[in-house]
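Residue numbers (the numbering used here), protein chains in the order written: chain A, 202 to 347; chain B, 202 to 347. Every residue, glycine too, gets a C-beta built ideally from N, C-alpha and C.
Protein chains: 2
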Amino acid sequence: MSTATHNAEALAQKLADSGLRSTPQREVVYDVLLKKRDHPTADEVFARVKSGLPTISLATVYNCLETLVQCDLVRAVNFERSPTRYCPNLRPHAHFHDEQTGKTHDIDLPPELLEKVSSVLPVGYDAKSVEIIFRGKATKTVASGG
Amino acid sequence: MSTATHNAEALAQKLADSGLRSTPQREVVYDVLLKKRDHPTADEVFARVKSGLPTISLATVYNCLETLVQCDLVRAVNFERSPTRYCPNLRPHAHFHDEQTGKTHDIDLPPELLEKVSSVLPVGYDAKSVEIIFRGKATKTVASGG
DNA sequence: AGTGATAATTAGAACTATTCTAAATAGAGA
DNA sequence: TCTCTATTTAGAATAGTTCTAATTATCACT
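Following this line, the structure appears as structure tokens:
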């Protein structure tokens with residue numbers, strides 16, 4: 202079984218869990234995110250997806266991305282008011298936003314850290330998610346893309 | 202000395218440090234932020250400021266808010282793609298975004314936590330700031346505003 | 001295979017927060 | 001007072017995203 206097939210089946214399963222259908226558009230959008238994990242914007246996803254599916258529309262790309270976010274297969278990431286970026290990394294991680302290059306790097310988090318952070322919440326605050334964003338500059342970093 | 206005067210002088214000082222002038226618009230915008238710390242949007246600040254300075258323009262409100270952010274007197278806060286909110290709290294704190302009410306709460310952070318969080322960064326990542334955002338629901342919370 | 005109901009996609013218009021532009025005003029220093 | 005620059009202003013422009021209405025695809029059932 203190819204990786205793409207594997208992804209497609211995992212995707213189909215997750216979609217079905219939410220009562221949604223698997224479609225070529227959703228599959229290709231998801232594949233694009235998995236293939237190059239550089240936190241692309243919707244426009245960038247649109248450009249990449251077109252090579253496999255030339256007739257897809259930008260609206261559909263937005264729809265698919267939103268769907269993937271709903272299914273918890275993808276995280277939407279926002280820095281200030283710049284375009285939303287999409288991240289298929291499901292492990293607990295923070296984002297490091299390099300202000301010089303504009304690139305975003307995933308920073309894996311030790312399992313206990315999010316717990317520790319959440320423990321600062323006073324009684325009465327029930328957090329469903331915690332997001333950690335670093336801003337600064339990354340020097341001589343290797344691979345992992347932006 | 203009144204509180205407003207005190208704020209105005211602190212503001213004038215901070216502005217001067219950046220080579221900027223103190224103006225009625227900047228003072229009133231800053232006062233509005235200090236007076237009701239409910240993380241207002243630019244539009245909301247605009248509405249509040251108008252009662253003291255009826256001829257101020259929205260562009261000026263944006264300009265003043267940007268200036269205050271540059272001077273490190275105010276933090277700009279973004280949740281997803283909703284309008285930027287402004288926060289004059291200078292202590293180290295996280296934001297809790299209540300998804301039911303849309304309100305934002307400041308969560309004070311113990312001094313060592315940001316350090317601990319930053320320590321997860323691999324060599325080569327130089328963070329200038331760390332932002333922590335919680336999302337969820339806040340039950341029966343008192344005071345402190347939205 | 002055919003049919004009806006529903007889901008998904010599409011193109012383009014619309015929306016909204018924000019920034020830009022160019023002109024007017026204000027304030028500091030000579 | 002004069003001049004220089006900073007600031008403010010109204011309105012136009014921009015950009016990312018969402019909405020609308022029509023089309024197309026897919027499913028369940030026959």
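Exposure of residue i, with buried meaning 16 or more beta-carbon neighbours within 10 Å
i	result
B:D299	buried
A:S345	Residue placement at A:S345 cannot be trusted, given a pLDDT of 49 that sits under 50; what the coordinates show is reported in the next sentence. Exposed.
A:P241	buried
B:T340	exposed
A:E332	buried
B:V324	exposed
A:D244	exposed
A:R282	exposed
Cβ-Cβ distance between residue i and residue j below 8 Å
i	j	result
A:V321	B:L310	yes
A:N290	B:N279	no
B:D239	A:K338	no
A:N208	A:L235	yes
A:A211	A:S223	no
A:T142	A:R292	No answer is possible for residue 142 of chain A: the residues shown for chain A start at 202 and end at 347.
B:Q301	B:I257	no
A:F247	A:V229	no
B:R336	A:S330	yes
A:I334	A:H294	no
Counterpart residues of residue i in DSSP-defined beta bridges
i	result
A:E278	Just to set this straight, residue 278 of chain A is Val in the shown sequence, not Glu. BP columns for A:V278 point to A:R286.
A:H298	A:T305 and A:R336
A:Y326	B:A339
B:T242	B:R286
A:V331	B:F335
Query - the stretch 265-280 of chain B in contact with the stretch 218-233 of chain B per 3-pair CB rule at 8 Å - result: yes
Query raised in the report: Taking Cβ-Cβ distances below 7 Å as the criterion, which residues of the stretch 323-343 of chain A are in contact with chain B?
Result: G325, Y326, D327, A328, K329, S330, V331, E332, I333, I334, F335, R336, G337, K338, A339, T340, K341 and T342
Requested in this report: Could you name the residues of the stretch 296-315 of chain B whose beta carbon sits closer than 7 Å to any beta carbon of chain A, in the order they occur along the chain?
Outcome: F297, I308, L310, P311 and L314
Query raised in the report: the stretch 229-250 of chain B: which residues have C-beta closer than 9 Å to a C-beta of chain A, in chain order?
Result: none
Query raised in the report: Can you list, in chain order, the residues of the stretch 204-224 of chain B whose Cβ is nearer than 7 Å to any Cβ on chain A?
Result: none
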